[in-house]
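Novice: Protein sequences, first through last, are from chains F and Y.
Under this note's numbering, think of the first position of the first sequence as 181, with each following residue one higher.
Under this note's numbering, think of the first position of the second sequence as 2, with each following residue one higher.
Note that the Cβ used here is the ideal one computed from N, Cα and C, for glycine as well.
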Amino acid sequence: GAGVSQSPSNKVTEKGKDVELRCDPISGHTALYWYRQSLGQGLEFLIYFQGNSAPDKSGLPSDRFSAERTGGSVSTLTIQRTQQEDSAVYLCASSAAVTGYEQYFGPGTRLTVT
Amino acid sequence: AQTVTQSQPEMSVQEAETVTLSCTYDTSENNYYLFWYKQPPSRQMILVIRQEAYKQQNATENRFSVNFQKAAKSFSLKISDSQLGDTAMYFCAFSGGSNYKLTFGKGTLLTVNP
Numbered sequence: 181g182a183g184v185s186q187s188p189s190n191k192v193t194e195k196g197k198d199v200e201l202r203c204d205p206i207s208g209h210t211a212l213y214w215y216r217q218s219l220g221q222g223l224e225f226l227i228y229f230q231g232n233s234a235p236d237k238s239g240l241p242s243d244r245f246s247a248e249r250t251g252g253s254v255s256t257l258t259i260q261r262t263q264q265e266d267s268a269v270y271l272c273a274s275s276a277a278v279t280g281y282e283q284y285f286g287p288g289t290r291l292t293v294t
Numbered sequence: 002a003q004t005v006t007q008s009q010p011e012m013s014v015q016e017a018e019t020v021t022l023s024c025t026y027d028t029s030e031n032n033y034y035l036f037w038y039k040q041p042p043s044r045q046m047i048l049v050i051r052q053e054a055y056k057q058q059n060a061t062e063n064r065f066s067v068n069f070q071k072a073a074k075s076f077s078l079k080i081s082d083s084q085l086g087d088t089a090m091y092f093c094a095f096s097g098g099s100n101y102k103l104t105f106g107k108g109t110l111l112t113v114n115p
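1. For the segment 192-223 of chain F, which residues have a beta carbon sitting closer than 7 Å to at least one beta carbon of chain Y?
2. Label Asp266(F) either buried or exposed according to how many other C-beta atoms from any shown protein chain fall within 10 Å of its C-beta, with 16 as the threshold for buried.
3. Give a yes or no on contact between the segment 204-215 of chain F and the segment 245-264 of chain F, applying the rule of three or more CB pairs nearer than 8 Å.
4. Where does the unbroken beta strand (DSSP E) through Glu224(F) begin, and where does it stop?
5. Quick one: what does DSSP say Gly108(Y) is sitting in, helix, strand or coil?
6. For a contact defined as C-beta to C-beta under 9 Å, what are the partners of Asp236(F) on chain Y?
7. Within a Cβ cutoff of 6 Å, which residues of the same chain sit near Asp236(F), ignoring the five residues on either side of it in sequence?
8. Quick check on Asp27(Y): does DSSP put it in helix, strand or coil?
9. Cβ closer than 7 Å: which chain F residues qualify as neighbours of Phe105(Y)?
10. Please identify the residue among Thr19(Y), Gly106(Y), Asn31(Y), Pro115(Y) whose C-alpha is closest to the C-alpha of Met90(Y).
11. Which chain Y residues are close to Pro228(F), counting only those with a beta carbon under 7 Å from its beta carbon?
12. Can you list the residues of chain F that Phe92(Y) reaches, using a CB-CB cut of under 8 Å?
13. Should Arg261(F) be labelled buried (16 or more other beta-carbon atoms within 10 Å of its own) or exposed?
14. Is the shortest distance between the beta-carbon of Leu48(Y) and the beta-carbons of chain F less than 8 Å?
15. Which residues share a DSSP beta bridge with Ser13(Y)?
16. Would you please verify whether the beta carbon of Val269(F) is less than 8 Å from any beta carbon of chain Y?
17. By alpha-carbon positions, which one of Ser233(F), Glu248(F), Gly183(F), Asn190(F) ends up nearest to Arg290(F)?
18. Just confirm the distance between the C-beta atoms of Phe69(Y) and Gln52(Y), as a whole number of angstroms; I'd bet it's less than 8 Å.
19. Applying the 10 Å Cβ sphere with the 16-neighbour rule, what's the burial state of Asn32(Y)?
20. Under the rule that 16 or more other beta-carbon atoms within 10 Å means buried, what is Tyr55(Y), buried or exposed?
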């Protein structure tokens, strides 16, 4: 079946602009995670969804970052007033359940802020 | 908070030989899961192998096996009969707690030489 998809694959934006990153999880997966991968910080957890609720937003680096999930499926990560330090690869993963199940990753969105 | 340490930033191995990647972790959780993920240059994170902490038997998946030492909090990955396609960044990851988010190590870049 179809895996996790993310769009766009690459995004170049100017400092100060807003961006939206999209994640389509595997159908039926209730848990959805966003991670960020950067050279300096490695792989960092951003936010976790169970259904449409986000019980853990502890990894969001600032209030410029927000995310939502609708219909228990698609999720959007929004970064407002982008800064150069936001440049990274943003990875989305989904899981059939929370407890110890494998997380399946999408191909990521490479965000470059100029 | 959990921490995951991969002490080998880079490793290389000849094709058909065996290589072991090291990983240690720290946690106060009793129930948790450990994973090895592979990330080739394509950027796609691929699950290699999964280990439940409550299982004493080491997980195996074809050429990949782990040496899980719970008391020592060690979780190494052995790759047998290395193939050129195994060239990738390998991440050790911990999953546990209330939302089972993944905590990653910094990664080991493995190069398989012909």
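Specialist: Concretely, from the data shown:
1. Cβ proximity to chain Y below 7 Å picks out Tyr213, Gly222, Leu223 from the segment 192-223 of chain F.
2. Buried.
3. Contact holds: three or more Cβ-Cβ distances are below 8 Å.
4. That run of the beta strand (DSSP E) goes 222-230.
5. It is coil, neither helix nor strand.
6. Taking a Cβ-Cβ threshold of 9 Å, the residues of chain Y close to Asp236(F) are Ser99, Asn100, Lys102, in chain order.
7. Here the set comprises Tyr228.
8. If DSSP states are grouped into helix, strand and coil, Asp27(Y) belongs with the strands.
9. What Phe105(Y) touches in chain F, judged by beta-carbon distance under 7 Å, is Gly222, Leu223, going in chain order.
10. The shortest Cα separation from Met90(Y) among Thr19(Y), Gly106(Y), Asn31(Y), Pro115(Y) belongs to Gly106(Y).
11. Per the sequence shown, the amino acid found at residue 228(F) is Tyr instead of Pro. Chain-order list of chain Y residues neighbouring Tyr228(F): Asn100, Lys102, by C-beta distance under 7 Å.
12. Within chain F, the residues near Phe92(Y) are Leu223.
13. Arg261(F) should be labelled exposed.
14. For Leu48(Y), the answer is yes, since a Cβ of chain F falls inside 8 Å of its Cβ.
15. The beta-bridge partner set that DSSP reports for Ser13(Y) consists of Thr112(Y).
16. Yes, because at least one Cβ of chain Y sits closer than 8 Å to the Cβ of Val269(F).
17. Of Ser233(F), Glu248(F), Gly183(F), Asn190(F), the residue nearest in Cα terms is Asn190(F).
18. 5 Å between Cβ atoms; contact.
19. Counting Cβ neighbours within 10 Å, Asn32(Y) comes out exposed, since fewer than 16 surround it.
20. Residue burial is scored here from C-beta neighbours: Tyr55(Y) has fewer than 16 other C-beta atoms within 10 angstroms and is therefore classed as exposed.
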